[in-house]
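Asks: For what it's worth, full-length UniProt numbering labels the leading residue of the sequence shown as 1, then goes sequentially.
We put the beta carbon where it would ideally sit given N, CA and C, even for glycine.
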Amino acid sequence: MGATFTVLPTPAEGRQDLPAVPWDALPQEALAKIFRYLQDWDRCQASLACKAWHRVFRMACLWRSRSFVFPGSEMQQVCYDGFLREHGQHLQHVILDFEFQNNAALQCFKSFVTTANESAAFLSIKMVRALCLLLKRQPMLQEADFCLCQFTHNEGLQVLKALTGDLRLKPRRNITTLSLREFFEAPTHYISLSTFTEVMGRFTALAFLRVDQHYLCEDVLDKLITGCAQTLRHLDIVMNARVVHAIDSHTWRLAVQRCPSLTVTVRLEIPYTFEEYSRVLVESMPLTRVFLWGRRWRGNIAFADVARFLGYVSDIFFNTIEEVCVYSEAEGYQEVDKTVEKLIETCVRLKRLSLCIPLKPETLDKLSRVVAARPQNEMKRLEVTNLNGR
């Protein structure tokens with residue numbers, strides 16, 4: 001690599017001699033900021049400009065957070081042999097997305113975890129072993145985001161154990177953020193909650209946990225508020241399966257006592273009956289945010305069900321709820337009007353209300369008057385979306 005890089009003329013300039021620009025003279029701090037915004041392929045190309053740019057390309061600050069997609073067109077360029085091994089110690093946030101098995105792309109993964117397997121034919125269990133080795137070699141890892149992994153029960157436990165380190169030596173105590181979305185394969189009733197509870201007890205510094213509700217039972221919550229009593233700040237609970245674990249008010253009251261700053265978000269991504277969601281949303285739960293049915297869900301739901309849910313939230317959580325988001329294609333208006341008005345009037349901490357439901361103009365007029373009547377204009381955001389132009 002040379003120390004200079006010649007700028008090519010534009011078509012308007014035509015072919016003429018242009019001075020060589022000393023790219024290596026640019027400040028390293030400025031270059032690092034520019035490299036941070038580049039995609040992997042662009043980073044690789046820019047690193048070929050000169051030795052100085054290649055040194056910036058290899059700076060640890062650029063590789064704190066990595067998202068690896070298998071297969072990926074840039075993986076061979078980015079993950080050449082030795083590069084990930086060099087920067088593995090600097091990784092703090094890793095996302096691995098395995099779309100489908102591709103041995104050519106997985107060779108990049110193998111080049112980092114050289115002891116994973118000598119064969120080019122990566123089977124599922126071998127992939128899990130490689131992932132576990134990867135996690136064990138990340139001393140600075142702070143965040144872990146697992147989504148749609150569909151691990152078997154034993155595989156998932158292996159990954160979580162690798163994430164927390166070796167208890168015989170010194171467990172890793174710096175995992176502060178953990179997300180487990182569809183972590184285990186379906187059907188979920190094959191999961192042994194007793195062993196899952198034991199493994200979750202290995203986490204001692206969690207501040208944020210996003211987890212599917214059918215992984216969260218009373219024993220798991222008790223283990224979390226015991227091991228992470230000084231750190232746990234927020235639980236993000238996703239309800240996306242028919243398996244519902246009830247956690248009583250006493251357990252939530254104990255959780256608030258041990259973790260005074262604890263707040264909870266609940267996301268209902270499929271329609272539940274009153275009997276189902278009332279088992280989860282119980283008094284003493286420090287619920288601050290609730291999202292009712294995501295955009296990926298479609299189906300018939302009566303507006304009366306939406307009204308009943310909002311009424312339940314305003315009756316039970318009027319002292320804690322700060323954000324409510326509702327998305328529904330339900331027909332009908334009258335049932336929800338009074339419920340929304342009551343929600344705004346009674347929920348004293350409500351700062352954001354997002355409604356993506358069909359409402360009458362007169363309902364919007366009522367909402368505006370209710371919001372204006374609130375003391376000190378506490379409502380930070382009221383968002384109403386007209387669904388499908390109706």
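Ignore the nearest five residues each way along the sequence and tell me which others in F208's own chain have a CB closer than 6 Å to its CB.
Replies: Residue 208 sits at position 208 when you count from the first residue of the sequence shown. T177 and H234.
Asks: W41 to D337, Cα distance in whole Å?
Replies: One-based indexing of the sequence shown puts residue 41 at position 41. One-based indexing of the sequence shown puts residue 337 at position 337. So the alpha carbons of these two residues sit roughly 52 Å apart.
Asks: Which residues in the same chain as L232 place their Cβ atom closer than 7 Å to its Cβ, once the five residues preceding and following it in sequence are excluded?
Replies: Position 232 of the sequence shown holds residue 232. Excluding sequence neighbours, L232 sits near L206, A207, L224, I225, C259 and L262.
Asks: To which residues of the same chain is M59 closer than 7 Å at the C-beta, ignoring the five residues directly before and after it?
Replies: Counting from 1 along the sequence shown, the entry for residue 59 is found at position 59. Excluding sequence neighbours, M59 sits near A32.
Asks: Look at C347 and F318 and say whether their C-beta atoms are less than 8 Å apart.
Replies: Taking the sequence shown and counting its residues from 1, the one referred to as residue 347 is at position 347. Taking the sequence shown and counting its residues from 1, the one referred to as residue 318 is at position 318. Cβ atoms of C347 and F318: closer than 8 Å.
Asks: What span of residues does the alpha helix (DSSP H) with V371 cover, start to end?
Replies: Taking the first residue of the sequence shown as position 1, residue 371 is located at position 371. Here the alpha helix (DSSP H) through V371 covers P361 to A373.
Asks: Rounded to whole angstroms, what's the CA-CA distance from V243 to D365? Just pull it up for me.
Replies: As a position in the sequence shown, residue 243 is number 243, starting the count at 1. As a position in the sequence shown, residue 365 is number 365, starting the count at 1. C-alpha separation (whole angstroms): 40 Å.
Asks: Note down the Cα distance separating V159 from D248, rounded to an integer number of angstroms.
Replies: The sequence position of residue 159 within the sequence shown is 159, counting from 1. The sequence position of residue 248 within the sequence shown is 248, counting from 1. Using only the alpha carbons, I get a separation of about 30 Å.
Asks: What did DSSP end up calling E383 once you bin it into helix, strand or coil?
Replies: Taking the first residue of the sequence shown as 1, we reach residue 383 at position 383. E383 falls in the strand class under three-state DSSP.
Asks: Check T195 in the structure and name its three-state DSSP category.
Replies: Position 195 of the sequence shown, counting from 1, holds the residue named residue 195. Helix.
Asks: Quick check for students: name the residue ranges of the alpha helix (DSSP H) that lie wholly in the region 238 to 321, counting only runs of 4 or more.
Replies: Taking only runs of at least 4 residues, the alpha helix (DSSP H) segments lying wholly in the region 238 to 321 are 249 to 258, 274 to 280 and 303 to 316.
Asks: Go ahead and pull the three-state DSSP assignment for L135.
Replies: Against the sequence shown, residue 135 aligns to sequence position 135. Helix.
Asks: What is the residue span of the alpha helix (DSSP H) that F203 lies within?
Replies: Taking the first residue of the sequence shown as 1, we reach residue 203 at position 203. Careful: F203 lies outside any alpha helix (DSSP H) and carries neither H nor E.
Asks: Can you tell me which of R55, E283, L148 and R36 puts its alpha carbon nearest to the alpha carbon of I321?
Replies: As a first step, residue 321 must be located in the sequence shown, where it is residue number 321. Among R55, E283, L148 and R36, the Cα nearest to that of I321 belongs to E283.
Asks: For L359, which of H250, A373, L350 and V306 has the nearest alpha-carbon?
Replies: For the purposes of this step, residue 359 is taken as residue 359 along the sequence shown, with counting starting at 1. Measuring from the Cα of L359, the nearest candidate turns out to be V306.
Asks: Consult DSSP for Y215 and reduce its assignment to one of helix, strand or coil.
Replies: Locating residue 215 in the sequence shown gives position 215, where the first residue counts as 1. In the structure shown, Y215 sits in a helix (DSSP, three-state: H, G or I).
Asks: Tell me where the beta strand (DSSP E) around E29 begins and ends.
Replies: Translated into the one-based positions of the sequence shown, residue 29 becomes position 29. No beta strand (DSSP E) holds E29; the alpha helix (DSSP H) holding it covers Q28 to R36.
Asks: For L180, which residues of its own chain have a beta-carbon under 6 Å away from its beta-carbon, when the five flanking residues on both sides are left out?
Replies: Locating residue 180 in the sequence shown gives position 180, where the first residue counts as 1. Once the five neighbours on either side are set aside, the close Cβ partners of L180 are F146 and V211.
Asks: Quick check on R64: does DSSP put it in helix, strand or coil?
Replies: One-based indexing of the sequence shown puts residue 64 at position 64. Coil, per DSSP.
Asks: Determine whether the beta carbon atoms of L148 and I175 lie at a separation below 8 Å.
Replies: Counting from 1 along the sequence shown, the entry for residue 148 is found at position 148. Counting from 1 along the sequence shown, the entry for residue 175 is found at position 175. Contact flag unset, no.
Asks: For T226, which three-state DSSP category applies?
Replies: The residue you call residue 226 lines up with position 226 of the sequence shown. DSSP places T226 in helix when its eight states are reduced to three.
Asks: Measure the CB-CB distance between M239 and V280 and report whether it falls below 8 Å.
Replies: On the sequence shown, position 239 is the one that residue 239 refers to. On the sequence shown, position 280 is the one that residue 280 refers to. A contact, by the Cβ cut-off of 8 Å.
Asks: How would you label Q138, buried or exposed, when you count the other beta carbons within 10 angstroms and need 16 or more for buried?
Replies: The residue labelled residue 138 in the question sits at position 138 within the sequence shown. It counts as buried.
Asks: Closest by CA to T339, which one among V326, A46 and L48?
Replies: In the sequence shown, residue 339 corresponds to position 339, counting from 1. When each option's Cα is compared against that of T339, the closest is V326.
Asks: Let me check understanding here. Comparing Cα to Cα, which of I237, I357 and Q257 lies closest to L287?
Replies: By 1-based counting over the sequence shown, the position of residue 287 is 287. For the residues I237, I357 and Q257, the minimum Cα distance to L287 belongs to I237.
Asks: Express the C-alpha separation of D315 and E275 in angstroms, rounding to a whole number.
Replies: Taking the first residue of the sequence shown as 1, we reach residue 275 at position 275. Taking the first residue of the sequence shown as 1, we reach residue 315 at position 315. Taking the straight line from one Cα to the other gives about 16 Å.
Asks: Is the distance from the Cβ of L221 to the Cβ of T251 below 8 Å?
Replies: Taking the first residue of the sequence shown as 1, we reach residue 221 at position 221. Taking the first residue of the sequence shown as 1, we reach residue 251 at position 251. Cβ atoms of L221 and T251: closer than 8 Å.
Asks: Can you give the Cα-Cα distance for L367 and L343, rounded to whole angstroms?
Replies: Locating residue 367 in the sequence shown gives position 367, where the first residue counts as 1. Locating residue 343 in the sequence shown gives position 343, where the first residue counts as 1. Approximately 10 Å, taken between the alpha carbons.
Asks: Assign F5 to one of three DSSP states: helix, strand, or coil.
Replies: Within the sequence shown, residue 5 is the residue found at index 5, counting from 1. Low confidence applies to F5: its pLDDT is 41, below 50, so where it sits in the model is not reliable, and the reading given next is rough at best. Looking at F5 - three-state DSSP - the assignment turns out to be strand.
Asks: Give me the Cα-Cα distance between C132 and C50, rounded to the nearest whole angstrom.
Replies: Against the sequence shown, residue 132 aligns to sequence position 132. Against the sequence shown, residue 50 aligns to sequence position 50. About 37 Å.
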